[in-house]
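Asks: I'd like to ask you about the structure that follows.
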Amino acid sequence: MKTAATGRFVLVFLACSVHAITCSITPGNETDRLSLLEFKKAISLDPQQALASWNDSTHFCNWEGVMCRTKGLRRVTSLSLRNRGLVGHISPSLGNLTFLKHLFLDTNQFTGQIPASLVRSHRRLRGFVLSNNTLHGVIPSFANCSSLKGLCLNHNNLVGEFPDLPLGLKALELESNNLSGTIPSSLANITTLELLDFSLNNIEGNIPDEFSKFPVLQFLIASENQLAGRFPHAILNISALGSVFLTVNHLSGEVPPDLGSSLPNLHDLGIGNNLFHGHIPSSLANASHLNRVDMASNNFTGAVPTSFGKLHKLWWLNLEMNKLEGWEFIYSLGNCTKLQALSLYGNWLQGHVPAALGNLSVEMKALYLGSNQISGGFPSGIANLHNLNKLSLYANKIKGDVPEWLGALKSLQLIALSNNNFTGFIPSSLSNLSQLIFLYLDSNKFEGHLPASMGSLQNLQVCSISNNLLYGGVPKDMFGIPTIMTIDLSVNNLHGKLPHEVGNAKQLILLLLSSNKLFGGIPDNIGNCDMLENLELDHNSFGGSIPVTLGNTSGLTNLNLSHNNLTGSLPISLGKLQFLEQLDVSFNNLNGEVPTKGIFSNATALHIGGNLELCGGVLELHLPACSVKSLNSSMHKQSIAKVVVPLASIVSLALVISLVALWRGKHVRKYISLPSFGRSFPKVSYNDLARATGGFSTSNLIAKGRYSSVYQGKLFQDRLMIAVKVFSLETKGTQKSFITECNALRNARHRNLVPILTACSSIDSKGNDFKALVYEFMPRGDLHVLLHSTPSDGGTSAPSRITLVQRLCIVVDVANALEYLHHNNQAGTIVHCDLKPSNILLDESMTARVGDFGLARFSKVDSAAPSFTHLSTSSLAIKGTVGYVAPEYATSGDVSSAGDVYSFGIVLLEIILRKRPTDDMFRDGLDIARYVGLNFPNSILHVVDPDLLEEHHVSSSQQTSVAVKEKKMECLLAVLNVGLCCAKPSPNERMDMREVAARLHRIKESYLSGN
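Mapping of the sequence shown onto mature numbering (1 follows the signal peptide of the UniProt record, and there is no 0): residues -20 to -1, 1 to 991, in sequence order.
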């Protein structure tokens, strides 16, 4: 995982990209050799065999990660073992490497404290990077390290206060630890400091007045601490400041009116989520380089300064959740020609939106005006914003028709018009929005029929039009949308039958049709919607019996069929639904015996009142006992129902019964509420998983990371191979990683994502909290092993050769997964943030599955209050892994889908070249993308994996070897070109994953067809 520390450190201190060099085998310093061997002894796990070369058969200057002086006596000058998965302690013996200049051990699993001997007298030490480990204890004094330029200790569990530091330091990274206390005023004595980041700690107080002495400080990042008091006036004297982030603290008072004049070089200002009040300073216009302003969630009042129109580089303006009013600023914002995102959500804006809104930048992509007091008609200026993809006018007082021209904004992915006073028909032109994913029109006064053409919205995931005046039938084509997950048409006047096509909605999770005038039977094939979690058909006029096939919807959590005209008995199959939490069938005409298993055994979750002929059930229901006559009648009806149940349903029901039987046993631990993953597997206990993995034996350990360890095992009496991801709860950030991964996987379902079976949140055998996720086992391991392991590395399962076809299939699979996460997921855009070969797993058929969502970020769309802050993170922490992380993350705190595209491009190039992006050959400004670009297209045969050039497979006996080579060359050039387009330095130059996936599909199909 690459963090803000490593990324921004590279910008201010180039020595962070040190690589090993080759030395001839000559007699070296025995002290250095022994010190390195002591370091190796302290390593308890080396999953990548990084230290395999550390033995007496090779001079220690040739050991992996070691660099020595090339002249005179061989002495170790650099030790770089970044992102190797090493587990163990950092040996104090490294303190004996007296010529050491650079120590880079970041992104491993080192525990324990930082040895004081390591830094006590290292006057040559220049770069010290231990970020992304699990180190604890206090930070030792670095005061004697007089040559130190960069210190990166972010993302550990370090405690205590700021350490003693040398005067020549340029970059200090302490982000994401448990540091406390206040900021020492002596820090200002380090006049060379250019970057200071102590975000995500528990630092109190305020920024000392002595900070005014910093002459060259460019980055001040103090977000998410406990800072309090007034705005730190001391920083107004630091004219070099380019980025100031004070978000999520307890700062209060007014922002200095001369802020922009005092900091003319400012390009990022983040002071959101504090307690500031008063007016927004108009002087911000004097900081002409500003491109991002976040002042959200404060108590700012008055008008937005019209001087903002002078900020010609501004592309992001977030002023939501304040008390701002007045529209005058809109006229001036037309001068901000690069503006892409504007949020005024949750302010006091009133009246008509000026037509000048249409003068905003043609680059505008996100416009949030929800939760204000806007009135009048639909804002006409929006018609000019042709590139808009997110529009929210939620919770205002806008009335009248929604114009047909809205369907001409072809880039729209989100339309949120809920809670207004819109009338008239739903524009049929909305069917032209081929990219539309989220449609929220609920709580208005729309009337007429639902447009039948809505079925053409082939990317639609959420359709919410509840609480309106719609009539007519439910369009059958709506259930043919392959991506549809939520349909909410409740509280309307819809009539007719529920279309039989409902069974085609394989991804449907929520179907809400309550309080309409629907009649007829509930289609039996509704049981085909096996992803269904919430089905509400209450307050209609449905008749006939409850479909037995509903027992096939194994992820169902809520079923409401109340206030209808349903007859017959309660299907026993509903009692087999392991996740069903609420069942309401009250006020129908049901009869016969109430089952006693599953949901039927929970009297508080079962609602059956108003069915006068029901009998039996558990005692808590207080129903009369069943007579022989009523039982015979009930059994007769059940037998008729069973005859028409498809064979597949019977098999599915048998599977559920088998799993329940296997799972039964003692469960003495309590569980917390976990997301429903829509599977038919029950929750498992700590004991179940301990047995499955041999007590979490190291022999079953298949992967280990910062936040978790992964074990293979067998569950359900050894019938099911699983992978158990056990979270290291003692590591700071693990709880967040667990929740993030649960949220990411809750509704994410795709054949190219690692399939999750269930989750466990319990207590282990020592009484400690225990959290784990259970996945299907991927027998082919991960892509990193496939590409880079050799039998000598212990990677005997990896094939010695990977064909071009196999590589094409893998990159297409990964592209499909990212396209789904970015564009087709119900919860909004999911940005993976850590795409790399070790997070791409392979099943038995070599199908690639993307996994590990512990760092994922969400551009979530909330139907209740779509909000601009969902587009950003709250800190500047870089998410990802060295070599794969997008370059813009080094200076920006916001993750984006473009960052994933960059990582995908690097992975694609790695697959074709079979070279890691951190290979020793990539140094001095040369990276894998630039390396390919310099050789593209004429010399590309010199850089691709030689194995690809030795393949002799032909599709027909008539093909000549020349034709085969030409076809292969054409394919390689096309694939590498996609990789280079994805790995462009600027995010604006990259394709999105829809285009990437489409291109790769065409390349693959062309190559396989031989055309």
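Every residue gets a Cβ at the ideal spot worked out from N, C-alpha and C, and that includes glycine.
These numbers come from a predicted model, not from an experiment.
If you draw a straight line from the C-alpha of HIS812 to the C-alpha of LEU801, how long is it?
Replies: In the sequence shown, residue 812 corresponds to position 832, counting from 1. In the sequence shown, residue 801 corresponds to position 821, counting from 1. Cα to Cα, HIS812 sits roughly 8 Å from LEU801.
Asks: Within 10 angstroms of the Cβ of LEU956, are there 16 or more other Cβ atoms? Answer buried if so, exposed if not.
Replies: Against the sequence shown, residue 956 aligns to sequence position 976. Result: buried.
Asks: Evaluate contact between the stretch 487 to 501 and the stretch 730 to 738, counting only Cβ atoms and requiring at least three cross-stretch pairs below 8 Å.
Replies: no
Asks: To the nearest angstrom, report how far apart SER534 and ASP510 are at their CA atoms.
Replies: Sequence index remark: in the sequence shown, residue 534 carries index 554 (1-based). Sequence index remark: in the sequence shown, residue 510 carries index 530 (1-based). Looking at the two C-alpha atoms, the distance is approximately 6 Å.
Asks: Taking the alpha-carbon of GLY306 as reference, which of CYS316, GLY282 and SER287 has the nearest alpha-carbon?
Replies: Taking the first residue of the sequence shown as 1, we reach residue 306 at position 326. With distances taken between Cα atoms, GLY306 lies closest to GLY282.
Asks: Report yes or no: do three or more beta-carbon pairs, one from the stretch 919 to 926 and one from the stretch 822 to 834, lie closer than 8 Å?
Replies: no
Asks: Taking the C-alpha atoms as reference points, what is the distance between ARG760 and ASP793?
Replies: Stepping through the sequence shown from its first residue, residue 760 is reached at position 780. Stepping through the sequence shown from its first residue, residue 793 is reached at position 813. The alpha-carbon of ARG760 is positioned some 15 Å away from that of ASP793.
Asks: Is the separation between the beta-carbon of ASN245 and that of SER203 shorter than 8 Å?
Replies: In the sequence shown, the residue the question calls residue 245 occupies position 265. In the sequence shown, the residue the question calls residue 203 occupies position 223. Cβ atoms of ASN245 and SER203: not closer than 8 Å.
Asks: I'd like to know whether the C-beta atoms of ALA30 and LEU59 end up nearer to each other than 8 Å.
Replies: Locating residue 30 in the sequence shown gives position 50, counting from the first residue. Locating residue 59 in the sequence shown gives position 79, counting from the first residue. Not a contact, by the Cβ cut-off of 8 Å.
Asks: By Cβ distance, which residues of its chain are closer than 6 Å to ARG272, with the 5 residues on each side in sequence left out?
Replies: What you label residue 272 is simply residue 292 of the sequence shown in a count that begins at 1. Answer for ARG272: ASP248 and TRP296, listed in chain order.
Asks: Are at least three pairs of beta-carbons, each pair with one atom in the stretch 351 to 363 and one in the stretch 330 to 342, less than 8 Å apart?
Replies: yes
Asks: At which residue ranges does the stretch 531 to 595 contain complete beta strand (DSSP E) runs of 3 or more residues, listed in the order of the chain?
Replies: 538 to 540, 545 to 548, 562 to 564 and 569 to 574
Asks: Residue range of the alpha helix (DSSP H) that THR783 falls in?
Replies: The residue you call residue 783 lines up with position 803 of the sequence shown. First-last for THR783: undefined, no H or E at that position.
Asks: Reducing DSSP to helix, strand and coil, say where ILE362 ends up.
Replies: By 1-based counting over the sequence shown, the position of residue 362 is 382. Residue state, collapsed to three classes: helix.
Asks: Alpha carbons only, please: which of HIS257, LEU291, HIS292 and ASN266 is nearest the one belonging to ASN278?
Replies: Your numbering for residue 278 matches position 298 in the sequence shown. Here the closest residue by C-alpha is HIS257.
Asks: Would you mind reading off the limits of the alpha helix (DSSP H) that contains ALA878?
Replies: For the purposes of this step, residue 878 is identified with residue 898 of the sequence shown, where counting begins at 1. Its alpha helix (DSSP H) spans residues 877 to 893.
Asks: Leaving aside the five residues before and after LYS345 along the sequence, list all residues of the same chain whose C-beta is less than 8 Å from its C-beta, in chain order.
Replies: Along the sequence shown, one-based indexing puts residue 345 at 365. Excluding sequence neighbours, LYS345 sits near GLN320, ALA321, ASN367, LEU368, ASN369, LYS370 and SER391.
Asks: CB GLY507 to CB THR537, shorter than 8 Å?
Replies: Counting from one through the sequence shown, the residue named residue 507 turns up at place 527. Counting from one through the sequence shown, the residue named residue 537 turns up at place 557. Cβ atoms of GLY507 and THR537: not closer than 8 Å.
Asks: Leaving aside the five residues before and after ARG979 along the sequence, list all residues of the same chain whose C-beta is less than 6 Å from its C-beta, in chain order.
Replies: Mapped onto the sequence shown, residue 979 falls at position 999. Excluding positions up to five away in sequence, the list reads VAL958.
Asks: Should the stretch 782 to 789 be regarded as contacting the stretch 35 to 42, the criterion being three or more beta carbon pairs within less than 8 Å?
Replies: no
Asks: Can you give the Cα-Cα distance for ILE736 and LYS81, rounded to whole angstroms?
Replies: What you label residue 736 is simply residue 756 of the sequence shown in a count that begins at 1. What you label residue 81 is simply residue 101 of the sequence shown in a count that begins at 1. Between ILE736 and LYS81, the C-alpha separation is close to 45 Å.
Asks: Tell me which same chain residues have a C-beta within less than 6 Å of the C-beta of GLY209, skipping the five on either side of it?
Replies: Counting from 1 along the sequence shown, the entry for residue 209 is found at position 229. Closer than 6 Å at Cβ, skipping near neighbours: ASN186.
Asks: Roughly how many angstroms lie between the CA atoms of GLU868 and SER883, to the nearest whole one?
Replies: Residue mapping note: residue 868 aligns to position 888 of the sequence shown, counting from 1. Residue mapping note: residue 883 aligns to position 903 of the sequence shown, counting from 1. Looking at the two C-alpha atoms, the distance is approximately 12 Å.
Asks: Is the beta carbon of LEU386 less than 8 Å from the beta carbon of LEU410?
Replies: As a working mapping, residue 386 is identified with position 406 in the sequence shown. As a working mapping, residue 410 is identified with position 430 in the sequence shown. In contact: LEU386 and LEU410 (Cβ atoms closer than 8 Å).
Asks: With distances taken Cα to Cα, identify the nearest neighbour of ASN364 among LEU337, ILE820 and PRO72.
Replies: As a working mapping, residue 364 is identified with position 384 in the sequence shown. Answer by Cα proximity: LEU337.
Asks: Go to ILE251, then tell me how far its alpha helix (DSSP H) extends in each direction, as first and last residue.
Replies: Numbered from 1 along the sequence shown, position 271 holds the residue referred to as residue 251. Counting along the chain, ILE251 falls outside any alpha helix (DSSP H), and DSSP gives it neither H nor E.
Asks: Any idea if PHE657 is buried or exposed, counting beta-carbon neighbours within 10 angstroms, 16 or more meaning buried?
Replies: Here residue 657 corresponds to residue number 677 of the sequence shown, with the count starting at 1. Per-residue confidence for PHE657 stands at a pLDDT of 36, beneath the threshold of 50, marking its modelled position as unreliable; no derived number is given.
Asks: SER312 lies in the alpha helix (DSSP H); which residues open and close that run?
Replies: Locating residue 312 in the sequence shown gives position 332, counting from the first residue. Counting along the chain, the alpha helix (DSSP H) containing SER312 begins and ends at 308 to 313.
Asks: In whole angstroms, what separates the C-alpha of HIS803 from that of ASN473?
Replies: Locating residue 803 in the sequence shown gives position 823, where the first residue counts as 1. Locating residue 473 in the sequence shown gives position 493, where the first residue counts as 1. When rounded, the distance between both Cα atoms is 32 Å.
Asks: List the whole-angstrom C-beta distance separating ASN505 from GLY483, where the pair is believed to meet the contact cut-off of C-beta under 8 Å.
Replies: The sequence position of residue 505 within the sequence shown is 525, counting from 1. The sequence position of residue 483 within the sequence shown is 503, counting from 1. So it is a contact: roughly 3 Å between Cβ atoms.
Asks: Since ALA585 and GLU600 are thought to touch, with beta carbons under 8 Å apart, how far apart are those beta carbons, to the nearest angstrom?
Replies: To locate residue 585, count along the sequence shown from 1; it is residue 605. To locate residue 600, count along the sequence shown from 1; it is residue 620. Contact doesn't hold; Cβ gap of about 11 Å is too wide.
Asks: Flag this pair as yes or no: are the beta carbons of GLY161 and GLY130 separated by less than 8 Å?
Replies: Looking up residue 161 in the sequence shown gives position 181. Looking up residue 130 in the sequence shown gives position 150. Contact flag unset, no.
Asks: Are the beta-carbon atoms belonging to GLN206 and LEU221 less than 8 Å from one another?
Replies: To locate residue 206, count along the sequence shown from 1; it is residue 226. To locate residue 221, count along the sequence shown from 1; it is residue 241. Not closer than 8 Å, so no.
Asks: Under a three-way DSSP split, which group does ASP668 fall into?
Replies: Taking the sequence shown and counting its residues from 1, one reaches residue 668 at position 688. Helix, per DSSP.
Asks: Taking the alpha helix (DSSP H) that PHE19 belongs to, which residues open and close that run?
Replies: As a first step, residue 19 is located in the sequence shown; it is residue number 39 there, counting from the start. Residues 10 to 21.
Asks: DSSP three-state label for ARG982, please.
Replies: As a first step, residue 982 must be located in the sequence shown, where it is residue number 1002. Three-state DSSP puts ARG982 in a helix.
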